[in-house]
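Trainee: Before we start, here is the structure in question, set down as structure tokens.
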Amino acid sequence: MSENRRIVKAPVEDVWAVLSDGWLYPLWVVGASRMRKVDDGWPAVGTRLHHSVGSWPLLIDDTTSVAEVEEGRRLVLTARAWPAGEATVEIELHPATGTSSPTTEVVIREDARKGPARLIPSALRQPPLVWRNTEALRRLAYLAERRQ
Numbered sequence: 000m001s002e003n004r005r006i007v008k009a010p011v012e013d014v015w016a017v018l019s020d021g022w023l024y025p026l027w028v029v030g031a032s033r034m035r036k037v038d039d040g041w042p043a044v045g046t047r048l049h050h051s052v053g054s055w056p057l058l059i060d061d062t063t064s065v066a067e068v069e070e071g072r073r074l075v076l077t078a079r080a081w082p083a084g085e086a087t088v089e090i091e092l093h094p095a096t097g098t099s100s101p102t103t104e105v106v107i108r109e110d111a112r113k114g115p116a117r118l119i120p121s122a123l124r125q126p127p128l129v130w131r132n133t134e135a136l137r138r139l140a141y142l143a144e145r146r147q
């Protein structure tokens, strides 16, 4: 499982506000290109984001669903991108200490859970996930830090 961390110069509430606005998903998730629908109640367990992956004209319509949620603290998603498969994505928010203004440590863990991507050895599967989630956390930080 890949793991990335980033300190975001925004309080936990602002980072959570970005995560809990499903319409913002393609702005910070690398590979997501557009939103088609956000289920009412997102991010409650079982709710889904209906999104597209890829670039036009090669778009794949799929979904991401909430497997677990701890309001304002933790979100576990099942991200689908068939025919590649499914991934489990866990995002944790921790108030960061040692700074004069509110900051948040964001931790994201991801790995393939089903489909052809599981056939790729972990040592080859993890580096692209680390790169992708480094960029995703950079984008998430931009959105959260500009909420003020």
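Residue numbers (numbering that gives the first Met the number 0): 0 to 147.
C-beta atoms are modelled at their ideal positions from N, C-alpha and C, and glycine is treated no differently.
1. Report the option in L139, P25, V11 and K36 whose CA atom is closest to the CA atom of E69.
2. Is it the case that the Cβ atoms of A78 and I59 are separated by a distance below 8 Å?
3. Give the straight-line distance between the Cα atoms of P115 and L18, rounded to the nearest whole angstrom.
4. Where does D13 sit, in a helix, a strand or coil, going by DSSP?
5. Would you say R35 and H49 are within 8 Å of each other, going by their C-beta atoms?
6. What residue range is occupied by the uninterrupted alpha helix (DSSP H) comprising P120?
7. Using CA atoms only, rank isn't needed, just tell me which of D110, P101 and P126 is closest to A143.
8. So P25 is in the alpha helix (DSSP H); what residue range does that whole segment cover?
9. Looking only at DSSP bridge pairs, what is L48 linked to?
10. Identify every residue that forms a DSSP beta bridge with A78.
11. Is P42 buried or exposed, if buried means 16 or more other CB atoms sit within 10 Å of its CB?
12. Please classify T96: does DSSP put it in a helix, a strand, or coil?
Mentor: Once the coordinates are examined:
1. V11
2. no
3. 28 Å
4. helix
5. yes
6. Neither: P120 is in no alpha helix (DSSP H) and is coded neither H nor E.
7. P101
8. Y24 to W27
9. V37 and T63
10. T63 and A86
11. buried
12. coil
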